[in-house]
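Visitor: One line per chain: the protein sequences are A and B, in this order. Per the numbering used here, the first sequence starts with residue 2, numbered consecutively. Per the numbering used here, the second sequence starts with residue 2, numbered consecutively. Cβ coordinates follow ideal geometry from the N, Cα and C atoms, glycine included.
2 protein chains.
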Amino acid sequence: MGCDQTLKGLGYRLTPQRIMVVEALHGADEHVSAEEIYTQVKARYPYANISTVYRTLELLKELGLVTETDLGDGRVRYHPAEKGHHHHLVCHKCGKIIDLPESALFHLEETLSRDYRFQPDLKHLAIFGVCADCQK
Amino acid sequence: MGCDQTLKGLGYRLTPQRIMVVEALHGADEHVSAEEIYTQVKARYPYANISTVYRTLELLKELGLVTETDLGDGRVRYHPAEKGHHHHLVCHKCGKIIDLPESALFHLEETLSRDYRFQPDLKHLAIFGVCADCQK
DNA sequence: AAAATTATTGCAACTGCTTGCACCAACAAC
DNA sequence: GTTGTTGGTGCAAGCAGTTGCAATAATTTT
Ligand SMILES: [Mn+2]
Ligand SMILES: [Mn+2]
Ligand SMILES: [Zn+2]
Ligand SMILES: [Zn+2]
């Protein structure tokens, strides 16, 4: 089931603005910024406002339909949950971004769950550090 | 060796503003915000500017003398490296903050280092999720 | 001690993102 | 279909943090 029907099913109103945000989100490549989504939405409906984009992303986030990740450039990036989960290693020397499978954090999740009864919410994490090439 | 002498030793100028930022940082409890540091500095030197505070914190961060952590309220928090390393579990239902010893992430660090030759920079991480009390 | 050099500061403008509020439109009740 | 309710939107102002630039002051050279 898509984002639209989930929203509707949970009693949220399915406005044209929300539909356009969801479409822009799914159409763009992963790691889209709010500004990029706003640009796309505005092309279709010039009265659209960026705060509506942020509010829609916030809602989708609360419902677990998108993840939000700070990859270290000055803006936050969004990723639809439907496209699958993974994480990233971000080199703060050269800026390189390495993909990390979801499973790389399973052990940590288990530890936190077992030892602290804490259920971590690790869906699209960015871990900063130094990549192999930049270590010498 | 304190922050002041480290700065001086690396060729950075030891200005009154920097000294006051470092003193405020060490005097306050851990998890100080830039605004709180600014308030303290301004009480001693009213001409002080908040961008100088931010620039000093940025420099100390680059040198590994402070860590910066987003604990989920709207502002970033700073912690002097001298006071020791640890991490936090942050419940985004009730806001509770649980301390996590440095060692809890050693296994992850080893995995990333071994499998990806990536040296993660995990000095004062905040992991968001749901605490034991909020899981029912 | 004075002059020269250049890192650092204060200021104002700017960025990404959030929020209060009046107006509007999606959906439900009739 | 019309009316009413209430959640959602647009707008403008606000907040945390950053940045360009001219003035200033810490340090070096003479
Ligand atoms: Mn990704
Ligand atoms: Mn801490
Ligand atoms: Zn690198
Ligand atoms: Zn909790």
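Taking A/Phe107 as part of the alpha helix (DSSP H), name the residues at either end of that continuous run.
Guide: 107-117
Visitor: By the criterion of Cβ-Cβ separation under 7 Å, what are the contact partners of A/Gly130 in chain B?
Guide: Phe119, Gln120, Pro121, Asp122
Visitor: From A/Val1 to A/Lys124, what distance separates their C-alpha atoms?
Guide: Here chain A comprises residues numbered 2 to 137, so residue 1 of chain A is not present and cannot be evaluated.
Visitor: Shortest alpha-carbon distance to B/Tyr117 belongs to which of A/Asp122, A/Ile98, A/Glu24, A/Gln120?
Guide: A/Ile98
Visitor: Step through the CB atoms of chain B and report whether any lies within less than 7 Å of the CB of A/Ala35.
Guide: no
Visitor: I'd like to know whether the C-beta of A/Leu109 is nearer than 7 Å to at least one C-beta of chain B.
Guide: yes
Visitor: Roughly how many whole angstroms lie between the Cα atoms of A/Gly73 and A/Thr53?
Guide: A/Gly73 and A/Thr53 have their C-alpha atoms some 24 Å from each other.
Visitor: Name all residues in chain order for which at least one heavy atom of ligand 3 lies closer than 5 Å to the residue's CB.
Guide: A/Cys92, A/Lys94, A/Cys95, A/Lys97, A/Cys132, A/Cys135
Visitor: Ligand 2 heavy atoms versus the CB of B/Glu31: any closer than 6 Å?
Guide: Because some heavy atom of ligand 2 lies under 6 Å away, the Cβ of B/Glu31 counts as near it: yes.
Visitor: Start and end of the beta strand (DSSP E) containing A/Arg19?
Guide: From DSSP, A/Arg19 is part of no beta strand (DSSP E) but of the alpha helix (DSSP H) over 17-28.
Visitor: With the cut-off set at 7 Å, would you say B/Gln120 and A/Val131 are in Cβ contact?
Guide: Judged by their CB atoms, B/Gln120 and A/Val131 are nearer to each other than the 7 Å cut-off.
Visitor: Are the segment 101-114 of chain A and the segment 16-27 of chain A touching by the rule of at least three beta carbon pairs closer than 8 Å?
Guide: no
Visitor: Check whether the Cβ atoms of B/Pro81 and B/Val67 sit closer than 7 Å, and answer yes or no.
Guide: B/Pro81 places its beta carbon less than 7 Å from that of B/Val67.
Visitor: Please name the residue in A/Ser114, A/Asp5, A/Ala35 whose C-alpha comes closest to that of A/Arg76.
Guide: A/Ala35
Visitor: Nearest to B/His89 by CA position, among B/Ala133, B/Ile128, B/Thr40, B/Arg19, is which residue?
Guide: B/Ile128
Visitor: One question on the structure: do B/Asp71 and B/His87 come within less than 7 Å of each other, judged by their Cβ atoms?
Guide: no
Visitor: If you measure from the beta carbon of A/Ala149 to each beta carbon in chain B, is any gap under 7 Å?
Guide: With chain A covering 2 to 137 only, the question about residue 149 of chain A has no answer from this structure.
Visitor: Can you tell me which of B/Leu64, B/Ser114, B/Glu31 puts its alpha carbon nearest to the alpha carbon of B/Tyr13?
Guide: Across the set B/Leu64, B/Ser114, B/Glu31, the C-alpha of B/Leu64 shows the shortest separation from the C-alpha of B/Tyr13.
Visitor: With 16 as the cutoff for other CB atoms within 10 Å, does A/Leu8 come out buried or exposed?
Guide: Its Cβ being crowded by 16 or more others within 10 Å, A/Leu8 is buried.
Visitor: Taking B/Cys4 as part of the alpha helix (DSSP H), name the residues at either end of that continuous run.
Guide: 4-10
Visitor: Can you pull the chain B neighbours of A/Ala105, defined as C-beta to C-beta under 7 Å?
Guide: Simply Thr112.
Visitor: A/Ile99 versus chain B: which residues are under 7 Å apart at the beta carbon?
Guide: Tyr117, Phe119
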